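Data block below; observations after.
There are 2 protein chains.
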Amino acid sequence: MNEAIKNMLTRRSCKSFKSDAVSEEIIDQIIEAGLYAPSGMNRQESIIIAVTDKAVRDKLSKLNAKYDWAKRPDPFYNAPVVLCVLASRNIHTTVEDGSLVMENLMLAAHSLGLGSCWIHRAKEVFEDPEGIEILEKLGISADEYVGVGNCVIGYPDKMNTADKPRKENRVYKI
Amino acid sequence: MNEAIKNMLTRRSCKSFKSDAVSEEIIDQIIEAGLYAPSGMNRQESIIIAVTDKAVRDKLSKLNAKYDWAKRPDPFYNAPVVLCVLASRNIHTTVEDGSLVMENLMLAAHSLGLGSCWIHRAKEVFEDPEGIEILEKLGISADEYVGVGNCVIGYPDKMNTADKPRKENRVYKI
């Protein structure tokens with residue numbers, strides 16, 4: 056089995072992170088992998104907001120919790136880095152394109168020894184007045200971009216290493 | 056740069072395939088990578104229909120062309136293998152989950168020296184009476200599953216090796 060496939064089969068979502076910072080060099084590698092995800096008609100109409108500032112990270116976590124039915128105090132599981140993926144509303148593959156970026160981010164993080172997890176509710180957060188304010192400060196139009204997912208990243212505290220089996224009967228051959 | 060990231064940065068969509076068959080062993084490796092994609096709440100409610108039968112492949116291509124505004128005679132670009140990804144309508148992350156499977160399929164294919172391309176209109180095809188018939192023959196409920204994407208796979212005839220630049224200004228840091 057080659058390294059790329061091995062990386063896909065061994066990635067698991069991490070739900071408990073250490074507070075330790077992740078170097079910008081590593082974050083940049085992960086972001087670059089995300090930018091190379093395919094997109095409908097190669098339009099590349101997705102963007103990544105890389106958040107490492109503690110105050111903004113905490114604000115986004117609080118906003119996320121507002122829309123979390125499970126009402127977790129920190130839906131980001133203590134991760135110090137959040138890569139918010141948004142995509143243009145003006146294409147036909149908004150969610151598809153954003154999701155492909157998310158997968159590359161998660162896979163790249165894992166390949167570099169980091170834990171990651173897709174945290175949902177990016178749509179709700181960036182349609183909330185406080186989320187829109189964050190976008191506007193960055194010069195991003197909330198009318199154009201919609202949140203697809205938040206990829207939280209960091210060094211795993213407790214990694215879920217249990218080899219959860221894949222569900223059966225998901226493959227059909229003709 | 057590690058092999059997993061290198062694989063992500065060098066993958067490109069292939070739009071011209073040789074007719075040469077792909078071995079079942081290779082197809083199975085690609086499918087397995089797809090099954091290990093993350094999913095919302097780890098529900099794994101996506102399925103893969105692996106099509107290698109020429110008649111069914113041609114039928115799916117024809118059905119796809121029916122909904123293709125570009126009216127390509129073969130929207131599958133001569134690829135001999137089509138991996139149709141569908142996901143349950145009864146979850147909140149139907150398109151997201153299916154898209155994550157698609158990315159793993161494309162990345163795994165590339166890591167094994169194969170070309171791949173996301174071909175859209177899986178939704179339309181499997182909501183068409185002829186598409187529903189294919190699902191029903193496999194015992195798949197068209198009420199439950201919706202098409203997300205078709206990953207066509209094969210040996211590249213002409214590979215797009217041009218290093219198309221990434222668009223600028225897609226990353227924001229806070």
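Protein chains in written order, with the working numbering: chain A, 56 to 229; chain B, 56 to 229.
Glycine included, each C-beta is placed from N, C-alpha and C at the ideal position.
What you are looking at is a predicted structure, and each value in this text was computed from that prediction instead of being measured.
How would you label G238 of chain A, buried or exposed, when you count the other beta carbons within 10 angstroms and need 16 or more for buried? For residue 238 of chain A there is no data in the structure shown, the boundaries of chain A being 56 and 229.
Neighbouring residues, chain B, relative to E191 of chain A (Cβ below 7 Å): Within 7 Å Cβ-Cβ: nothing; E191 of chain A doesn't reach chain B, min ~12 Å.
Taking Cβ positions only, does I86 of chain B come closer than 8 Å to chain A? yes
Indicate whether at least one CB of chain A lies closer than 8 Å to the CB of S105 of chain B. Note that residue 105 of chain B is Ala in the sequence shown here, rather than Ser. Yes, A105 of chain B lies at the interface with chain A (some Cβ there is under 8 Å from its Cβ).
Can you tell me whether DSSP reads A134 of chain B as helix, strand or coil? coil
Applying a beta-carbon distance threshold of less than 7 Å, which residues of chain A neighbour W173 of chain B? P93
Per the contact definition of three or more C-beta pairs closer than 8 Å, is the region 160 to 176 of chain A in contact with the region 119 to 132 of chain B? no
CB contact below 8 Å: E151 of chain A versus chain B: yes
Cutoff 6 Å; reference S68 of chain B; Cβ partners in own chain excluding five residues on either side: C172
Which runs of the beta strand (DSSP E) fall wholly inside the region 89 to 139 of chain A and span at least 3 residues, in chain order? 101 to 106
Please list, in chain order, all residues of the same chain as E151 of chain B whose beta carbon is under 7 Å from its beta carbon, the five residues on each side excluded. G95
Only counting runs of 3 or more residues, tell me where the beta strand (DSSP E) segments fall wholly within the region 158 to 203 of chain B, in order along the chain. 170 to 174
Cα separation between T107 of chain A and V226 of chain B? 13 Å
Round the Cβ separation of N62 of chain B and L162 of chain B to the nearest angstrom and send it over; I've been treating them as touching at under 8 Å. 6 Å
Proximal residues of chain B, C-beta to C-beta of K109 of chain A below 9 Å: Per Cβ cutoff of 9 Å: no residues; K109 of chain A is ~10 Å from chain B at best.
Please determine if the region 70 to 85 of chain A and the region 141 to 150 of chain A are in contact, where contact requires at least 3 C-beta pairs separated by less than 8 Å. no
Start and end residues, alpha helix (DSSP H) containing K240 of chain B: A query on residue 240 of chain B cannot be resolved here, the shown segment of chain B reaching from 56 to 229 and no further.
Tell me which residues share the same chain as A92 of chain B and place their Cβ nearer than 6 Å to its Cβ, disregarding the 5 neighbours each side in the sequence. L155, V156, N159
Under 7 Å Cβ to Cβ from S116 of chain B, same chain only, skipping five residues before and after it: list those, please. D129, P130, F131
Run through DSSP, which three-state label would V226 of chain A get? strand
Bridge-paired residues (DSSP) for C206 of chain B: B:L138, B:W173
Can you have a look at R221 of chain B and say buried or exposed, based on whether 16 or more other CB atoms are within 10 angstroms of its CB? exposed
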